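K.L.:
In our numbering, the protein residues as written are 22 to 242.
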Amino acid sequence: MNPSLFVIGDVHGCYHTFRELLGHWRPAQELLVQTGDLVDRGRFAPECVQLAIELEARHPGRTVFLLGNHEYEMLKHFGPDGPNPPWLGWGGRATVQQYQGRRELLHQHLAWLQQRPFTWENDHLLISHAGFADTPTPLDPEDMDGVLWRRGPLRNMGRRQVVGHTPTPAGVPTFDAAANVFNIDTGACFGHNLSGLRVSFSGEVLGEVLIPTSLLDIVLA
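Right, dumping it as structure tokens:
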């Protein structure tokens with residue numbers, strides 16, 4: 022079997038759902054890429070980050086965990102310019118509470134999160150958290166139209182983009198043919214699904230896996 026990628030969307034603290042989806046990943050044949058936002062909103066942000074670190078160590082060169090806007094804001098909160106009150110209001114407060122009494126673990130996770138890349142790409146694919154749009158500074162983490170924050174249509178980059186960030190309306194992956202973009206944030210933290218997209222290195226979609234969110238992972242209203 023030719024090597025391919027298994028791309029996972031926004032996890033947002035949904036640890037049990039994340040573990041179940043990872044059961045469909047074939048490490049010997051597939052590079053795992055995750056689009057960022059491991060943390061916030063769900064009940065198990067530290068466990069999700071720790072699992073990612075362990076997977077990276079267990080499968081050298083077979084995993085890529087990208088930076089999401091929630092990790093970026095978390096790093097700001099715990100960094101020299103913190104605290105970061107806006108982040109607390111859209112998911113950060115739960116993450117802070119989940120790290121209480123786990124200072125050493127928090128420091129280890131912050132160091133790892135600081136090393137997350139913005140993108141994974143080759144000649145046919147461009148994977149990021151929110152996608153590339155019409156902005157001159159897409160890799161500026163403060164650019165609201167950049168790869169951490171963009172909402173709305175994306176630019177056709179001449180390669181297939183795979184992104185997360187904006188939850189899809191029906192909880193399933195969507196495809197924008199004009200921009201050649203797959204969105205795989207399927208709202209796991211809102212009780213919908215966590216998605217994995219199988220795609221060849223040439224950009225051909227080989228299949229998708231949807232795992233309904235475990236009720237263990239979310240706080241029901």
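Quick reminder that beta carbons are idealized off the backbone N, C-alpha and C, glycines included. On a predicted model such as this, the values are computed, not experimentally measured, just so you know.
Name the DSSP bridge partner or partners of Trp141?
P.N.:
Counted from its first residue, the sequence shown places residue 141 at position 120. For Trp141, which the question treats as bridged, DSSP gives the partners Ile148.
K.L.:
Which partner residues of Gly217 appear in the DSSP bridge assignment?
P.N.:
Here residue 217 refers to the residue found at position 196 when the sequence shown is read from its first residue. Answer by DSSP bridge pairing, in chain order: Ile29 and Val230.
K.L.:
Only counting runs of 4 or more residues, tell me where the alpha helix (DSSP H) segments fall wholly within the region 126 to 209, in order along the chain.
P.N.:
You should have found no qualifying run.
K.L.:
Reducing DSSP to helix, strand and coil, say where Leu52 ends up.
P.N.:
In the sequence shown, residue 52 corresponds to position 31, counting from 1. Here Leu52 sits in strand by DSSP.
K.L.:
Secondary structure at Val85, three-state DSSP: helix, strand or coil?
P.N.:
Reading the sequence shown from its first residue, position 64 is the one you call residue 85. If DSSP states are grouped into helix, strand and coil, Val85 belongs with the strands.
K.L.:
Pro194 to Leu72, Cα distance in whole Å?
P.N.:
Translated into the one-based positions of the sequence shown, residue 194 becomes position 173. Translated into the one-based positions of the sequence shown, residue 72 becomes position 51. Looking at the two C-alpha atoms, the distance is approximately 24 Å.
K.L.:
Assuming Ile74 is part of the alpha helix (DSSP H), what are its boundary residues?
P.N.:
Numbered from 1 along the sequence shown, position 53 holds the residue referred to as residue 74. Start and end: Ala66 to Arg79.
K.L.:
Grab me the residues of Pro162's own chain with a C-beta within less than 7 Å of its C-beta, minus the 5 sequence neighbours each way, in chain order.
P.N.:
Counting from one through the sequence shown, the residue named residue 162 turns up at place 141. Once the five neighbours on either side are set aside, the close Cβ partners of Pro162 are Tyr93 and Leu169.
K.L.:
Using a Cβ-Cβ cut-off of 6 Å (strictly less than) and excluding sequence neighbours within five positions of Leu76, which residues of its own chain qualify?
P.N.:
By one-based count along the sequence shown, residue 76 stands at place 55. So the qualifying residues of the chain are Thr84.
K.L.:
Write down the C-beta distance between Gly167 and Leu160 rounded to the nearest angstrom, noting that I regard them as a contact closer than 8 Å.
P.N.:
Locating residue 167 in the sequence shown gives position 146, where the first residue counts as 1. Locating residue 160 in the sequence shown gives position 139, where the first residue counts as 1. Indeed they touch by this definition, with Cβ atoms about 6 Å apart.
K.L.:
Do you know how far the Cα of Gly113 is from the Cα of Asp102?
P.N.:
Position 81 of the sequence shown, counted from the first residue, corresponds to residue 102. Position 92 of the sequence shown, counted from the first residue, corresponds to residue 113. Approximately 16 Å, taken between the alpha carbons.
K.L.:
To the nearest whole angstrom, what separates the beta carbons of Leu252 and His150, a pair I think is in contact under 8 Å?
P.N.:
Nothing in the structure corresponds to residue 252, since the chain is present only between 22 and 242.
K.L.:
Measure how close the beta-carbons of Glu217 and His45 come, nearest whole angstrom, since I'm counting them as under 8 Å.
P.N.:
As a position in the sequence shown, residue 217 is number 196, starting the count at 1. As a position in the sequence shown, residue 45 is number 24, starting the count at 1. Note on identity: in this sequence residue 217 is Gly, with Glu being the wrong assignment. Indeed they touch by this definition, with Cβ atoms about 6 Å apart.
K.L.:
Would you mind reading off the limits of the alpha helix (DSSP H) that contains Gln118?
P.N.:
Numbered from its first residue, the sequence shown carries residue 118 at position 97. Note, Gln118: alpha helix (DSSP H), Arg114 to Gln119.
K.L.:
Apart from the five residues on each side of it in sequence, which residues of its chain come closer than 6 Å, Cβ to Cβ, to Glu41?
P.N.:
The residue you call residue 41 lines up with position 20 of the sequence shown. Only Ile232 meet the Cβ criterion.
K.L.:
Ends of the alpha helix (DSSP H) at Phe99?
P.N.:
Walking along the sequence shown from the start, residue 99 turns up at place 78. It spans Asn90 to Phe99 - the alpha helix (DSSP H) in which Phe99 sits, taken as one unbroken run.
K.L.:
Rounded to the nearest angstrom, what separates Gly208 and Glu125 at their Cα positions?
P.N.:
Sequence index remark: in the sequence shown, residue 208 carries index 187 (1-based). Sequence index remark: in the sequence shown, residue 125 carries index 104 (1-based). If I take the Cα positions, the gap works out to 30 Å.
K.L.:
Tell me which residues share the same chain as Pro188 and place their Cβ nearer than 6 Å to its Cβ, disregarding the 5 neighbours each side in the sequence.
P.N.:
Taking the first residue of the sequence shown as 1, we reach residue 188 at position 167. So the list reads Asp206 and Gly208, once near-sequence residues are dropped.
K.L.:
Hey, would you say Cys210 sits closer than 8 Å to Gly34, going by beta carbons?
P.N.:
Reading the sequence shown from its first residue, position 189 is the one you call residue 210. Reading the sequence shown from its first residue, position 13 is the one you call residue 34. Yes, they are a contact pair.
K.L.:
What does the Cβ neighbour count give for Ser235, buried or exposed, with the cut at 16 atoms within 10 Å?
P.N.:
Your numbering for residue 235 matches position 214 in the sequence shown. Classification for Ser235: buried.
K.L.:
For Gly212, which residues in the same chain have their Cβ closer than 7 Å to its Cβ, ignoring the five residues on either side in sequence?
P.N.:
Numbered from 1 along the sequence shown, position 191 holds the residue referred to as residue 212. Around Gly212: Thr234 and Ile239.
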